[in-house]
Amino acid sequence: MSAVPPGGPPGRPADGAPFRLAVLLHGGAGGSGVVATEMGLRFAREGHQVHFVSNRVPFRLVDRADPNVWVHQVETLAYPLFEAPLTTLAEASKLAEVIEAFDVDVVHAHYAVPHATAAILARDMVAGPRPAVVTTLHGTDVTLVGMDRAYLRPTRHAIHASDAVTAVSRDLHDETKRVLGIERPIRVVPNTVDPERFRPGADPEVRRRFANDDEALLLHVSNFRPVKRTCEVVRVLADLAERRPVRLLMVGDGPDQPKAAALARELGVADRVTFLGAFPSVEAVMRTADVFLLPSSHEAFGLAALEAMASGVPVVGTHAGGIPEVVEDGVTGLLRPVGDVAGLAEAVDALLTDPARHAAFAAAGRERAVTVFTEGVVTDAYREVYEAARAAASSGR
Ligand code: GMT
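Printed below as a string of structure tokens:
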């Protein structure tokens, strides 16, 4: 990883030449930032130059040095006249600097507003050849931010002004077209998972830190926003605790964490829950779980569910958004309607009561994760998108 731009020779690469790629992402814990980081690292390993532009060192980049990877930190000015720092402008400015210094030919913005907006502004500001802007829609950039009156028009603008747009699921593709009235083509490119990092085979010593051998271990990983319905995870635990020895691991942090902890105390199950906070290497903990819980009210994809499946952990979740595209109901997990806490608890109990079915789900989940959501297929899809966008952008130059 380097933070100092050495500069790159100017000139436009031919088809098939390595990309000089800038990646705009949320640097904190969250699926879109994880996907952006992992995809960037994959392209770097293939020999492309990858420049992460973010307000912080990306969460999942910790300890993963690569000579093709740069991190450019966005600096904002805290001026009392501004109620909040003008980060989108600062991001556009840093990105424009990076484009010029490294002759970046493709900018990949993960999330519409603010990242695609910053990318489009930077593209318009640079001296010299303009890079292609590829935008990946991740979910809440459309379903929450994009639908808010304050951001609807900039979101539509960001989508229309990008050279190429992708969405992480068919559900998000359809919803973007429907609720934002977008007519341009949007390609569905699903998320992927590193099958070596997320693999089955719990270390019994790690598992014993959280549960005794006779106890079932449930797991939830998220950013504890209201959409994740983390209190329902605690309610499922409380329901199950009346039937069997069980413990729950809650990984991550966010606004609803204190509510979930308070509910655990109120329901008398606080001694059965461990809140581990947010940390980047969740894989060792992931494979110790018996069931992964995802009761979200909406989820464009559900990356944590894919990571659980790759780890050989069946998922119990909701029929929400793109979750059914990831978790095959009745095969790799069990899905229930949003808010059906009793149904979710029943589903967990059914899996724990039937070891043969649990094992079949675990194996099918791993198989689906590594065959349907294959790293190579997803990387090839993005490579095609980058090539086409780079060709289109350079013909318009
Ligand atoms: O959850 C968010 O607020 C945004 C975003 C994030 O940064 O974590 O999550 C979205 O992108 C992920 C990666 O593509 C998807 O796996 C999540 O399903 C999606 N979240 C929602 O749609 C709520």
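Numbering (the numbering used here), first residue to last: 566 to 962. Beta carbons are placed, not taken as given, at the ideal position from N, Cα and C, and that holds for glycine. This one's a predicted model, so the numbers in the text were calculated from it and none came from an experiment.
Using only the alpha-carbon positions, how far apart do residue i and residue j sit?
i	j	result
Gly-941	Ala-928	21 angstroms
Pro-765	Thr-853	8 angstroms
Val-903	Gly-877	24 angstroms
Val-615	Asp-919	47 angstroms
Met-690	His-725	18 angstroms
Gly-746	Arg-718	11 angstroms
Thr-522	Thr-741	The shown model of the chain, from 566 to 962, leaves out residue 522, and the question about it has no answer.
Arg-850	Arg-933	Checking the displayed sequence, the identity of residue 850 turns out to be Val instead of Arg. Approximately 21 angstroms, taken between the alpha carbons.
Tyr-644	Leu-651	10 angstroms
Leu-858	Thr-653	35 angstroms
Gly-886	Glu-831	31 angstroms
Gln-638	Gly-605	16 angstroms
Val-744	Ile-888	19 angstroms
Arg-577	Tyr-951	Here Arg-577 scores only 46 on pLDDT, less than 50, and its place in the model is too uncertain to base an answer on.
Lys-974	Gly-895	Since the first residue of the chain shown is 566 and the last is 962, residue 974 is not available in this structure.
Glu-949	Phe-840	41 angstroms
Ile-685	Gly-693	15 angstroms
Glu-648	Leu-642	11 angstroms
Thr-731	Val-754	6 angstroms
Ser-787	Ala-915	24 angstroms
Met-712	Val-678	11 angstroms
Met-874	His-785	13 angstroms
Leu-917	Ala-829	22 angstroms
Asp-631	Arg-721	36 angstroms
Cys-796	Ala-925	29 angstroms
Asp-759	Val-937	13 angstroms
Arg-773	Leu-782	10 angstroms
Arg-794	Pro-823	13 angstroms
Thr-682	Pro-820	26 angstroms
Val-935	Val-663	35 angstroms
Phe-789	Ser-960	45 angstroms
Asp-855	Ala-776	11 angstroms
Ala-657	Ala-687	5 angstroms
Ala-843	Gly-581	39 angstroms
Asp-804	Ala-910	6 angstroms
Arg-695	Asp-670	7 angstroms
In terms of residue numbering, what span does the beta strand (DSSP E) encompassing residue i cover?
i	result
Ala-697	697 to 702
Ser-619	614 to 619
Arg-933	Per DSSP, Arg-933 belongs to no beta strand (DSSP E); it is in the alpha helix (DSSP H), 920 to 936.
Arg-764	Looking at the DSSP string, Arg-764 is not in any beta strand (DSSP E), and its letter there is neither H nor E.
Val-943	Here Val-943 belongs to no beta strand (DSSP E); instead the alpha helix (DSSP H) covers 940 to 960.
Leu-737	Not the beta strand (DSSP E): Leu-737 falls in the alpha helix (DSSP H), residues 735 to 745.
Arg-800	Per DSSP, Arg-800 belongs to no beta strand (DSSP E); it is in the alpha helix (DSSP H), 795 to 806.
Arg-812	811 to 816
For residue i, I'd like the list of residues in its chain whose CB is within less than 7 angstroms of its CB, leaving aside the five on either flank, ordered along the chain.
i	result
Asp-728	Ala-697, Val-698, Val-699, Ala-954, Ala-957 and Ala-958
Pro-845	Phe-624, Arg-625 and Val-627
Ala-912	Val-881, Leu-899 and Arg-901
Phe-608	Phe-584, Leu-586 and Val-615
Arg-837	Leu-802, Ala-806, Val-811, Arg-812 and Leu-813
Val-891	Phe-866, Gly-867, Ala-870 and Leu-871
Gly-612	Pro-583 and Asn-633
Ala-655	Val-639, Glu-640 and Thr-641
Taking the continuous alpha helix (DSSP H) assigned at residue i, which residues delimit it?
i	result
His-785	Counting along the chain, His-785 falls outside any alpha helix (DSSP H), though it belongs to the beta strand (DSSP E) covering 781 to 786.
Val-588	Looking at the DSSP string, Val-588 is not in any alpha helix (DSSP H); the run it does join, the beta strand (DSSP E), is 585 to 589.
His-731	The question names His, but residue 731 in the sequence shown is Thr. No alpha helix (DSSP H) holds Thr-731; the beta strand (DSSP E) holding it covers 729 to 732.
Met-604	596 to 610
Val-707	705 to 708
Val-771	769 to 773
Ile-724	717 to 726
Here's a check: name, in chain order, each residue in its chain whose Cβ is nearer than 6 angstroms to the Cβ of residue i, leaving out the five neighbours to either side.
i	result
Asp-779	Pro-810
Ala-827	none
Val-710	Val-678 and Tyr-716
Ala-601	Val-588, Leu-590 and His-675
Gly-908	Arg-901
Ser-734	Ala-865, Phe-866, Gly-887 and Glu-890
Arg-752	Thr-731
Between which residues of its own chain and residue i is the CB-CB distance below 8 angstroms, once the five residues before and five after are set aside?
i	result
Arg-621	Gly-592, Gly-593 and Gln-638
Val-792	Thr-705, Leu-709, Ser-861, Ser-862, His-863 and Glu-864
Thr-939	Thr-757
Ala-921	none
Pro-574	Unreliable placement is indicated for Pro-574, whose pLDDT of 39 sits below 50; the coordinate value is still reported in the next sentence. Once the five neighbours on either side are set aside, the close Cβ partners of Pro-574 are Asp-668.
Asp-739	none
Val-569	Interpretation of Val-569 is limited by its pLDDT of 38, a score under 50 that renders its predicted location unreliable; the figure taken from the coordinates is listed afterwards. Nothing listed; no residue qualifies.
His-884	Asp-894, Leu-900, Arg-901, Pro-902 and Val-903
Exercise. Could you give the uninterrupted runs of the alpha helix (DSSP H) lying entirely in the stretch 824 to 908, keeping only those of 4 residues or more?
Worked result: Taking only runs of at least 4 residues, the alpha helix (DSSP H) segments lying wholly in the stretch 824 to 908 are 848 to 851, 868 to 875 and 888 to 891.
Exercise. At what residue ranges does the stretch 616 to 687 contain a whole run of the alpha helix (DSSP H), taking only runs of 4 or more?
Worked result: DSSP runs (the alpha helix (DSSP H)) wholly in the stretch 616 to 687: 652 to 667.
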